[in-house]
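Chemist:
In this note's numbering, the protein residues as written are 3 to 237.
1. Is it the case that the region 20-35 contacts the region 69-80, given that we only count it when at least three CB pairs across the two stretches are under 8 Å?
2. Can you tell me which of the three DSSP states residue 81 falls into?
3. Closer than 7 Å by C-beta to residue 124: which residues in its own chain qualify, once you throw out the five before and the five after it? Chain order, please.
4. Using a threshold of 9 Å, state whether the C-beta atoms of residue 152 and residue 184 are closer than that.
5. If we ignore side chains and look at the alpha-carbon of each, how far apart do residue 201 and residue 104 end up?
6. Provide the residue span of the alpha helix (DSSP H) that contains residue 49, from first to last.
7. Have a look at 226, 147, 102 and 138 and flag the residue whose alpha-carbon is nearest the alpha-carbon of residue 210.
8. Buried or exposed for residue 136, going by 16 or more other Cβ atoms inside 10 Å?
9. Put residue 235 into one of helix, strand or coil per three-state DSSP.
10. Looking at the structure shown, is residue 128 part of a helix, part of a strand, or coil, going by DSSP?
11. Tell me which same chain residues have a C-beta within less than 6 Å of the C-beta of residue 23, skipping the five on either side of it?
12. Would you identify the three-state DSSP class for residue 138, choosing helix, strand or coil?
13. Could you give the distance in angstroms between the alpha-carbon of residue 162 and the alpha-carbon of residue 36?
14. Starting from residue 189 and walking both ways along the alpha helix (DSSP H), at which residues does that stretch end?
15. Can you list, in chain order, the residues of its chain whose CB lies under 6 Å from that of residue 72, leaving out five sequence neighbours each side?
16. Rounding to the nearest angstrom, what Cα-Cα distance links residue 38 and residue 62 in this structure?
17. Residue 2 by DSSP, collapsed to three states: which one?
18. Where does residue 162 fall in DSSP's three states?
19. Please classify residue 56: does DSSP put it in a helix, a strand, or coil?
20. Residue 85 and residue 145 - do their beta-carbons sit closer together than 9 Å?
21. By how many angstroms is the C-alpha of residue 18 removed from the C-alpha of residue 175?
22. Hey, could you find the ends of the alpha helix (DSSP H) residue 209 is sitting in?
23. Compute the beta-carbon to beta-carbon distance between residue 217 and residue 98, rounded to the nearest angstrom, for a pair I have assumed lies under 8 Å.
24. Is residue 9 helix, strand or coil when you go by DSSP?
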């Protein structure tokens with residue numbers, strides 16, 4: 003729309019068709035899934051019109067959107083979710099949202115030609131100290147809630163496999179909570195993202211950070227591989 007390739011009217015028509023198609027397909031899964039999709043769409047519209055201009059509610063809305071998507075996925079696969087997993091999702095989404103605000107503010111402060119309030123007025127409602135506090139709080143909450151989620155889930159190898167493995171390990175390393183092995187990777191991921199926010203000012207686009215930063219890409223890849231091995235190979 004900004005480039006002029008699509009007119010505003012055509013864009014609205016295409017958006018309406020896309021939304022209607024999505025709602026029809028969503029109903030094929032379940033009525034509850036349809037309600038989640040409809041609620042998510044309404045939330046995004048409300049965010050674009052009003053909520054993104056209200057401090058605290060702007061980042062809270064982002065977290066709510068992530069939570070709705072997680073619930074929608076769980077409904078499709080008919081899977082129960084741990085409370086600690088949900089808290090991890092909320093904490094991580096708030097951490098990414100605050101990190102985005104922090105990086106945007108830092109970038110604009112470094113540009114003498116543009117004031118903070120010219121491009122994003124919401125940034126004037128967040129002081130640098132407040133964003134630092136939020137970043138620390140949600141960063142710590144992210145790995146702590148994940149650690150509790152991993153500790154809560156007892157995933158152990160079969161008796162035959164565990165007997166072979168534990169034969170060569172001291173008792174100090176015997177554990178029925180193999181997901182705890184992934185906690186150091188989550189901690190490293192949080193630390194690396196913080197480094198990118200404060201040193202490289204790259205947190206304004208979390209998805210680009212995950213795709214472009216090599217240490218984070220390797221961490222996410224190793225995390226995914228380790229989880230797959232624990233769940234599908236060692237159990």
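Backbone N, C-alpha and C define an ideal beta-carbon position, used for all residues, glycine too. Source: prediction; values computed, not measured.
Modeler: The structure says:
1. Taking one beta carbon from each stretch, the region 69-80 and the region 20-35 have 3 or more pairs nearer than 8 Å; the two touch.
2. For the purposes of this step, residue 81 is taken as the residue at position 79 of the chain shown. Three-state result, residue 81: coil.
3. Position 122 of the chain shown, counted from the first residue, corresponds to residue 124. Taken in chain order, the residues that qualify are 54, 55, 57 and 60.
4. Position 150 of the chain shown, counted from the start, is the residue given in the question as residue 152. Position 182 of the chain shown, counted from the start, is the residue given in the question as residue 184. Cβ distance < 9 Å, so residue 152 and residue 184 count as in contact.
5. The residue given as residue 201 occupies position 199 in the chain shown. The residue given as residue 104 occupies position 102 in the chain shown. Their backbone Cα atoms lie some 12 Å apart in a straight line.
6. Locating residue 49 in the chain shown gives position 47, where the first residue counts as 1. Taken as a continuous stretch (DSSP letters only), the alpha helix (DSSP H) holding residue 49 covers 33-51.
7. Numbered from its first residue, the chain shown carries residue 210 at position 208. The shortest Cα separation from residue 210 among 226, 147, 102 and 138 belongs to 102.
8. Numbered from 1 along the chain shown, position 134 holds the residue referred to as residue 136. Taking all protein chains shown into account, residue 136 has 16 or more neighbouring C-beta atoms within 10 Å of its C-beta and is therefore buried.
9. In the chain shown, counting from the first residue as 1, residue 235 sits at position 233. Residue 235 falls in the coil class under three-state DSSP.
10. Mapped onto the chain shown, residue 128 falls at position 126. Coil, per DSSP.
11. Residue mapping note: residue 23 aligns to position 21 of the chain shown, counting from 1. No residues qualify anywhere along the chain.
12. Counting from 1 along the chain shown, the entry for residue 138 is found at position 136. In the structure shown, the three-state DSSP call for residue 138 is helix.
13. Looking up residue 162 in the chain shown gives position 160. Looking up residue 36 in the chain shown gives position 34. Note that residue 162 has pLDDT 48, beneath the 50 cutoff, so the model's placement of it is unreliable and the number below is only indicative. Cα to Cα, the separation comes out at about 45 Å.
14. Translated into the one-based positions of the chain shown, residue 189 becomes position 187. 185-197 is the extent of the alpha helix (DSSP H) around residue 189.
15. Within the chain shown, residue 72 is the residue found at index 70, counting from 1. The beta carbon of residue 72 sits closer than 6 Å to the beta carbons of 91 from its chain, once the five residues preceding and following it are set aside; these are given in chain order.
16. Reading the chain shown from its first residue, position 36 is the one you call residue 38. Reading the chain shown from its first residue, position 60 is the one you call residue 62. Residue 38 and residue 62: Cα-Cα distance of roughly 17 Å.
17. No answer is possible for residue 2: it lies beyond the span of the chain, which begins at 3 and ends at 237.
18. Counting from one through the chain shown, the residue named residue 162 turns up at place 160. Its pLDDT being 48, under 50, residue 162 is placed unreliably by the model, and nothing is read from it.
19. To locate residue 56, count along the chain shown from 1; it is residue 54. Coil at residue 56, not helix or strand.
20. Taking the chain shown and counting its residues from 1, one reaches residue 145 at position 143. Taking the chain shown and counting its residues from 1, one reaches residue 85 at position 83. Cβ distance not < 9 Å, so residue 145 and residue 85 don't count as in contact.
21. Here residue 175 is taken as the residue at index 173 of the chain shown, counted from 1. Here residue 18 is taken as the residue at index 16 of the chain shown, counted from 1. Unreliable positioning characterises residue 175 in this predicted model, as indicated by a pLDDT of 48, which lies under 50. A coordinate reading is not provided.
22. Looking up residue 209 in the chain shown gives position 207. Boundaries of the alpha helix (DSSP H) harbouring residue 209: 208-214, taken from the DSSP string.
23. Counting from 1 along the chain shown, the entry for residue 217 is found at position 215. Counting from 1 along the chain shown, the entry for residue 98 is found at position 96. Residue 217 to residue 98, Cβ: 17 Å. No contact.
24. By 1-based counting over the chain shown, the position of residue 9 is 7. In this structure, residue 9 counts as coil in the three-state DSSP scheme.
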